[in-house]
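Just below is one structure, and these are the notes that go with it.
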Amino acid sequence: MILGTIVAIALFVLLQAFFSGSEMAVISVNRIKMEQLARSRLSHALLLKKMLASPDRLLSTTLVGTNLSVVISSAIFTALVVATLGQGYTWLTPLIMTPVILIFGESIPKAVARFYADKIAYRIAGILKFFSLVFWPLVMLTSFISRIILLPLKTKEAKRLSPFVSREELKLLIRESKKDEATQTA
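Just so you know, we're using this note's numbering here: the sequence shown kicks off at 4 and counts up by one.
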């Protein structure tokens, strides 16, 4: 039982790593190379191009996947702690899971994905598309709830607010990433 539970926790941390790394790989992919491959009708390049044209869906997919993975892995770990040590030791969950999640679910996957963006992005495009379809109802629901909560503000700015990153913000992020990359290689 304990080994199976640890394997389940590891699988959800790996799933979180997938979503974190996928987001970084897609955002960091070489746009010129992607455009060339898309013109050649390469299916994964076409899919990546479509994802980048709709950053709200891409980011929502990775955020939902990451958050579900974190919650589930932490819940399983808490259940393991309660079953083996007792209710009084639930404080171990944030103590142990926080560094595990930050290191293995966020930092390392994002660093690797950024470094190997062109190799990773094309390989994971289909899987990300699958998850975007699976998570779409949840994404739509959270977006709807956000709009309802913001509705009482009734200002022009509030109507423009979105829980998603705008295309311009994503372009700025990409430009800054390229500047940082150029600085590191120099």
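A virtual CB, placed ideally from N, CA and C, is assigned to each residue, including glycine.
Counting along the chain, Ile79 sits inside the alpha helix (DSSP H) bounded by residues 58-87. Ser57 and Phe147 have their C-alpha atoms some 18 Å from each other.
By the CB criterion at 8 Å, Ser31 and Val142 fall outside the cutoff.
DSSP places Phe107 in no alpha helix (DSSP H); its state is neither H nor E. Per the coordinates, the alpha-carbon of Ser43 lies some 50 Å from the alpha-carbon of Ile5. Using a Cβ-Cβ distance cut-off of 8 Å, the stretch 133-142 and the stretch 98-108 are not in contact, since fewer than three pairs of beta carbons, one from each stretch, lie closer than that value.
Spatial neighbours of Phe22 in its own chain (CB-CB distance under 7 Å, excluding positions within 5 residues in sequence) are listed in chain order as Thr65, Gly68, Thr69, Ser72. With contact defined as three or more Cβ pairs closer than 8 Å, the stretch 114-134 and the stretch 8-28 are in contact. The straight-line gap separating the alpha-carbon atoms of Ser149 and Arg60 is approximately 15 Å.
Annotated three-state conformation of Arg44 is coil, per DSSP. Linking Pro112 to Val84 through their CA atoms gives a straight-line distance of about 27 Å. About 5 Å separates the beta carbon of Thr96 from that of Thr81, a gap short enough to meet the 8 Å contact definition. In this structure, the beta-carbon distance from Leu131 to Met37 does not fall below 8 Å.
Within its own chain, the residues whose Cβ lies closer than 7 Å to the Cβ of Phe134, once the five positions on either side in sequence are excluded, are Thr64, Gly68, listed in chain order.
Here the C-alpha atom of Ile12 lies approximately 10 Å from the C-alpha atom of Val74.
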